[in-house]
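A.B. asks:
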Amino acid sequence: MKYKIIDNITSDIKFEVYGNTLNELFENAALALFDIICRRELVEPIEKVKFSVAGSDSKDLLYNFLERLLALVDIEEMFFSKFNIKKINSKNLEAEIFGSVVSQELGKTVVKAVTNHEFNLIKRRGKYIASVVLDV
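To convert, take the position in the sequence shown, counting from 1, and add 28; that gives my numbering.
(1) Report buried or exposed for R2, applying the criterion of at least 16 other Cβ atoms within 10 angstroms of its Cβ.
(2) Which value, in whole angstroms, describes the spacing of the CA atoms of I125 and F107?
(3) Are D163 and K140 close, meaning C-beta to C-beta below 7 Å?
(4) Can you tell me the Cβ-Cβ gap for L97 and L61, rounded? I've got them flagged as a contact below 8 Å.
(5) Please state whether the Cβ-Cβ distance between D40 and V161 is less than 7 Å.
(6) Among A123, G127 and I116, which residue has its Cα nearest to the Cα of E72?
(7) Can you grab the Cα-Cα spacing for the pair D88 / V77, in whole Å?
(8) Near F79, which residues of its chain fall below 7 Å by C-beta distance, leaving aside the five closest residues on each side in sequence?
(9) Apart from the five residues just before and just after N56, which ones in its own chain have a Cβ nearer than 8 Å to its Cβ?
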């Protein structure tokens, strides 16, 4: 065999996230995303951004939430460090996120997108678990 194509080895980051509630799962997913994007522990939660997201189900909602967070990095030119899900059900959420202006010193990894590859959200033994793959 001359070659074997192995997808997503060098250009993806996969993580798993956990929560006792959907609210906690979504907040933890945001923390994981921004721990990958920046040095989140150094980002001051100075400015607040409010937004809402919809999805066809909880899995779609999580995907759309993470995509919105990525978009807000570019739109607001901010890194975020604190995440507060104000209202959530299986199809809608309202969130407040806090952060400060993007600075080169705080940046770590440029994330291009959340992918559908291996993206999943399940509830097992009363706890939520999600698998997320990011294109970097």
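We put the CB at the ideal spot given by N, CA and C, even for glycine.
C.D. replies: Looking at the coordinates:
(1) What the structure shows of the chain is the stretch from 29 to 164, and residue 2 is not part of that stretch, so it cannot be assessed.
(2) 10 Å
(3) yes
(4) 6 Å
(5) Judged by beta-carbon spacing, V161 lies within the 7 Å limit of D40, meaning their Cβ atoms are closer than that value.
(6) G127
(7) Distance between the alpha carbons of D88 and V77: 22 Å.
(8) By the criterion of a C-beta distance shorter than 7 Å, F79 is surrounded in its chain by R96 and A123, once the five residues flanking it on both sides are discounted.
(9) V45, Y46 and G47
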